[in-house]
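Just below is one structure, and these are the notes that go with it.
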Amino acid sequence: MAPAQNPISSKHVAVIGAGASGLIAAREIHREGHTVVVFEREKQVGGLWIYSPKSESDPLGLDSTRPIVHSSVYESLRTNLPRECMGFRDFPFVPCVDDFSRDSRRYPSHREVLAYLQDFAREFKIEEMVRFETEVVRVETVDGKWRVRSKNSDDLSKDEIFDAVVVCSGHYTEPYVAHIPGIKSWPGKQIHSHNYRVPGPFKNEVVVVIGNFASGADISRDVAKVAKEVHIASRGSEASTYEKLSVPTNNLWIHSEIETACDDGSIFFKNGKAVHADTVVYCTGYKYKFPFLETNGYMSIDDNRVEPLYKHVFPPALAPGLSFVGLPGMGIQFVMFEIQSKWVAAILSGRVTLPAPEKMMEDLIASYAMLEALGIPKRHTHKLGKIQSKYLDWVAEECGCQLVEPWRTQQVDRGYGRLVSNPENYRDEWDDDDLIKEAYEDFASKKLISFLPSYFPESGR
Ligand code: FAD
């Protein structure tokens, strides 16, 4: 950790977004003694976890002028991580056993995550800092400060000056649509998972789902409940892959990736099989997009790399006035937001300092060279994967906060392992009761819960 050079100072800070990352950023920055205004275009906190049955008018999200529906949550969604490792560190995501309207499962539904985030916002009085139904439309630097232009629900614009802006606007809203040779003349329907809500519209259809990680595994099984056949195209699988998967409806296959789509409606896979499909569902991920940000060309997004960003948080020449919380995807999310927010808060107060901009650039250039040497494509720059815990330890040490508890990382690793090996039942069958016990004992030792729940040792398997 670099020692503070200047006396600790209080800043006026704008936070964009009141999802999980904006809520924890607001709390940490406020705790550090800064004043905070959170801008949120929705009517409530929760971001991605606010389910809407509505989807966008353009099912692939290609039309840049389309009205945006922020959430990508589908009706049947349950968390893909166990709740113990998901929650913020001093506000564990434990079941509300006295409230029967809540979902006490270890992998609860999206509604329970929203309720948790609402509880968190209430507990730490964050809503008092939020301007709801207020969209940030432009952010630019002016004489060393930051001008934020926002628009409220009456379409009234307002310009305000802040010392710093923290971007927490999420990155699961702008679809990335994988290219399929021949798709332009293929006559069927196409939809991205961002706009998938319920299986009903796919009744009796033959559906091809592209992608086989969390969303692809879920959506293919959801659709299989009503569809005639569902065929998963999996890029990570060998070219010869062709297997019937075990689901109650007996209508789900996994293939290697798609070779080509044809104008007679057929889709050929690399394994030599072909199906005549009605719909293609793209579970192929999302793109970063910050339409409000004006940096005179200093920042850019190239092949889904947001650059230049020191440690995925600070653009060197614009730091510390501009920062990003929540950019890296996958793995532990809420706790990563928490640790990044503590770092931003400490840097803004001067309690901790950043290296000089040229040193940050040197570090970045070296990290890009390292990715290239390892053969990791540019578009995966912010996918930390196995190095996430090392990254989080580095940020935590930098700002002097507690390192991530080993049980949390182990829960994520073993949870993802089960997701891959048992996508059908990984949320209800597990073999890590030891880690559940460790998590609850940790919460109890820190006096974050007043009792050890009786249900956890018997669960699973
Ligand atoms: P968001 O929740 O997207 O919040 C961003 C907020 O910014 C929104 O409220 C939005 O309205 C607001 N906003 C955006 N632009 C503006 C603007 N210009 N002006 C004002 N407000 C703006 N993570 C887990 O830990 N466990 C899981 O089980 C899990 N499941 C997932 C399932 C799916 C399908 C997806 C897509 C992601 C999942 N994630 C999961 C990751 C999840 O995205 C993060 O956990 C987290 O909720 C993201 O929070 P965020 O605050 O960064 O973004």
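Heads up: the sequence shown begins at 1 in UniProt numbering, then just goes up one per residue.
Glycine is no exception: its CB is placed at the ideal position from the N, C-alpha and C atoms.
In the displayed model, Ser150 falls within a strand according to three-state DSSP.
Here Val130 is buried. Its C-beta has 16 or more other C-beta atoms within 10 Å. Fewer than three Cβ pairs drawn from the region 140–155 and the region 90–109 lie within less than 8 angstroms of each other, which leaves the two stretches out of contact. As the crow flies, the alpha-carbon of Leu318 is around 31 angstroms from that of Trp49. Cβ atoms of Ile126 and Phe337 stay farther apart than 8 angstroms, at about 13 angstroms. Judged by their CB atoms, Ala164 and Leu348 are nearer to each other than the 8 angstroms cut-off.
Rounded to the nearest angstrom, the Cβ distance from Thr134 to Arg41 is 7 angstroms, consistent with a contact under 8 angstroms.
Under the DSSP assignment, Thr279 falls in the beta strand (DSSP E) whose first and last residues are 279–282.
No heavy atom of the ligand FAD is found nearer than 7 angstroms to the CB of His312. If you draw a 10 Å sphere on the C-beta of Gly385, you find fewer than 16 other C-beta atoms in it, and that means exposed. Classified as buried, Gly211 has 16 or more neighbouring CB atoms from the shown chains inside 10 Å of its CB. A direct Cα-Cα distance of roughly 6 angstroms separates Gly182 from Thr260. Among the bridge pairs identified by DSSP, Arg131 is matched with Phe39. Per DSSP, Arg78 lies in no alpha helix (DSSP H) segment and is marked neither H nor E. Looking at the DSSP output, Ser109 bridges to Arg78. Inside the region 342–399, DSSP marks whole alpha helix (DSSP H) runs of 4 or more residues at positions 357–373, 388–399, from first to last along the chain. Residue pairing by DSSP places Asp302 opposite Arg305 in a beta bridge.
The C-alpha of Glu56 is placed about 6 angstroms away from the C-alpha of Ile68.
If you compare the alpha carbons of Thr295, Ala26, Glu429, Leu293 with that of His12, the shortest gap goes to Ala26.
For Ile365, the Cβ stays outside the 7 angstroms cut-off from all heavy atoms of the ligand FAD. Cα atoms of Glu243 and Val207: separation of roughly 16 angstroms, rounded to the nearest angstrom. Under DSSP, Ala233 takes part in a beta bridge, and its partners are Ile210, His255. Excluding its 5 nearest sequence neighbours in each direction, Pro320 has C-beta neighbours in its own chain below 8 angstroms: Ala164, Phe314, Val344, Ile347, Leu348, Leu354, listed in chain order.
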